[in-house]
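The structure under discussion appears below in the form of structure tokens.
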Amino acid sequence: MSTTSATTSGSYTKTITVVTLVLLILAFSFSSLRRDTWLQLYEFFLWMETTPFGVIGKTWGAVFAIVEAFHLLAMALLGGAVVVADARLMGWIFADIPAREILDKTHKVFVAGLIVVLATGIFMACGVAGKIYWLPVFWYKMLALATGIFFVFFIRRPLLRRDLNEIRPIVVKLVAISSMLVWVTVAATGRWIGFAGS
Amino acid sequence: MNQFVYDIAVWLDNTAWSTLLHESYYMYNWVESIHVLSLIICLGMLFLIDLRMLGYALPNVPASSIANRLNLPMLLGFSIMVFTGLLLFYAVPVRSTQSVWFRAKMILLLGCAINAFLFHKRMNESVSSWDNDARAPGRIRLGAALSLGFWSLVVICGRFIAYDWFDCEYTDVGSLSQMLSGCIDGQTRY
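Keeping their order, the protein sequence lines are chains A and B. Heads up: the first sequence begins at 1212 in this note's numbering, then just goes up one per residue. Heads up: the second sequence begins at 9 in this note's numbering, then just goes up one per residue.
In structure tokens, the structure reads:
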């Protein structure tokens, strides 16, 4: 009885934390603080262009293009891991293989893909920092990426670490659908940066 | 040959739909976005299959399960990728056919197709003897590594098409670049 109460209490604590965080982000978004922070970041973006990454990215177009290609390849790796794991949660594929096996192994692939995505993304951002700063779609992508990372490491992963039989199937499916939507948004907004900046 | 390819490209370019697609900011960008998203699905599945064969991903799942189950989403992504790729080509046919990167990409895609055929043939012949092994035999691993290499180069060439470094109008007449791009008189009009 006491164990159940503790678990329930723990779940509520996490829920309250997440809801509080979401409310804080919303308050930030609709206040003047967002605009002030954005204006203060301009100096940082100008500095990014002066870093070695920024200089290389601006000077050698071929290097920038190759890094861009590896960014896309890493997104494919990350996307593959997300699709396979979420499709397993939905029961679309690998239904005969324990979900734990698929989730744990694809998470390693996901992390590897994410590291390359972040590393190549930072390089590219340095090369065109002065331009992307003014693009709303860049900030949408950053918001989507932050949401995706937060969702994976603070909601999806801790939740799915528990015995999957204890979690209501609808919750598992909602997690899978949310995960796919978040990462499709990350990829789509990322592609749109190229259009908006041209 | 270059003249023949050029004439077909000019004919395509003169069709109304090609111009409409090229001139439509949103439609062209949507097609390109779907091309990239389907590429992520297709290559995501392919990379997982290749990494499984190399022993880097899902080593406890039978290799045949990975290959067979991921084949369908991979082919679905591939089909959409090819369809949107054709639309992108149709929107800019003359510049594409005279691009050294586009030509390299087509050759590499041929390499991908041959490698995929050999990979599946070899796998189907022998998979029952190593299905549960963490790493596939040497010949299968070679096919998986070639697949990763070929597709990485396809993506790099695809990305390079967007850049104009070796476009006919920016290179010298008679240069190696112009020869590989198949530049002929009149191309720069498009």
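Ideal placement from N, C-alpha and C gives every residue a C-beta, glycine not left out.
| query | result |
| --- | --- |
| Minimum Cβ-Cβ distance from phenylalanine 55 of chain B to chain A less than 7 Å | yes |
| Min CB distance arginine 1299 of chain A to chain B below 7 Å | no |
| Chain-ordered residues of the segment 83-110 of chain B with a beta carbon less than 8 Å from chain A | none |
| 7 Å Cβ cutoff, glycine 52 of chain B in contact with chain A | yes |
| Residue from B:Leu83, B:Ser73 and B:Leu47 whose Cα sits closest to the Cα of glycine 1290 of chain A | B:Leu47 |
| Chain A contact for isoleucine 48 of chain B (CB, 7 Å cutoff) | yes |
| Residues of the segment 1373-1402 of chain A whose Cβ lies closer than 8 Å to any Cβ of chain B, in chain order | Val1395, Ala1398, Ala1399 and Arg1402 |
| Member of B:Val13, B:Asp15, B:Val39 and B:Ala75 whose CA lies at the smallest distance from the CA of arginine 130 of chain B | B:Ala75 |
| Residue nearest to leucine 66 of chain B in terms of C-alpha spacing, selected from A:Val1363, A:Arg1372 and A:Phe1321 | A:Phe1321 |
| Under the three-state DSSP convention, the category isoleucine 141 of chain B falls into | Per the sequence shown, residue 141 of chain B should be read as aspartate rather than isoleucine. Aspartate 141 of chain B falls in the coil class under three-state DSSP. |
| Segment limits, alpha helix (DSSP H) that includes isoleucine 1326 of chain A | 1310-1338 |
| Rounded separation between phenylalanine 12 of chain B and serine 73 of chain B - CA only | 46 Å |
| Cβ neighbour criterion (16 or more within 10 Å) applied to valine 1230 of chain A | exposed |
| Contact set between alanine 1276 of chain A and chain B, taken where Cβ atoms lie within less than 7 Å | Arg167, Phe168 and Tyr171 |
| Proximity of tyrosine 1351 of chain A and threonine 1400 of chain A at Cβ, strictly below 7 Å | yes |
| Chain B within 7 Å of valine 1294 of chain A, Cβ atoms only | yes |
| Where alanine 1306 of chain A sits in the DSSP three-state scheme | coil |
| Alpha-carbon spacing of phenylalanine 158 of chain B relative to alanine 1292 of chain A, whole angstroms | 20 Å |
| Closer than 7 Å to chain A by CB, serine 183 of chain B | no |
| Enclosing alpha helix (DSSP H) for serine 155 of chain B [first to last residue] | 146-169 |
| Members of the segment 152-166 of chain B near chain A, C-beta cut-off 7 Å | Ser160, Val163 and Ile164 |
| The segment 33-43 of chain B in contact with the segment 87-100 of chain B per 3-pair CB rule at 8 Å | yes |
| beta-carbon valine 162 of chain B near the ligand HEM non-hydrogen atom, thresh 6 Å | The ligand HEM is absent from the structure shown, which contains no ligands of any kind. |
| Glycine 1268 of chain A vs methionine 1259 of chain A beta-carbon contact at 7 Å | no |
| Leucine 1371 of chain A versus glycine 1359 of chain A: straight-line alpha-carbon distance, rounded | 16 Å |
| Inter-stretch contact (C-beta, 8 Å, three-pair minimum) for the segment 109-118 of chain B and the segment 49-64 of chain B | no |
| CB contact check: asparagine 76 of chain B to chain A, cutoff 7 Å | no |
| 9 Å Cβ cut-off: residues of chain A touching serine 73 of chain B | Phe1305, Asp1307 and Ile1308 |
| Proximal chain A residues relative to leucine 116 of chain B, where beta-carbon distance stays under 8 Å | Neighbours of leucine 116 of chain B on chain A: none; closest Cβ ~13 Å, over 8 Å. |
| CB contact check: serine 136 of chain B to chain A, cutoff 7 Å | no |
| Nearest-angstrom Cα separation, counted from cysteine 50 of chain B out to aspartate 15 of chain B | 33 Å |
| Alpha carbon of serine 183 of chain B to alpha carbon of aspartate 175 of chain B, nearest angstrom | 12 Å |
| DSSP-derived helix/strand/coil call for serine 1242 of chain A | coil |
| Cβ contact check for the segment 1272-1287 of chain A and the segment 1317-1335 of chain A: 3 or more pairs under 8 Å | yes |
| Those runs of the beta strand (DSSP E) which lie wholly inside the segment 70-123 of chain B and span at least 3 residues | none |
| Spatially closest choice to methionine 1301 of chain A from A:Ala1407, A:Ile1404 and A:Ser1390, by CA coordinates | A:Ser1390 |
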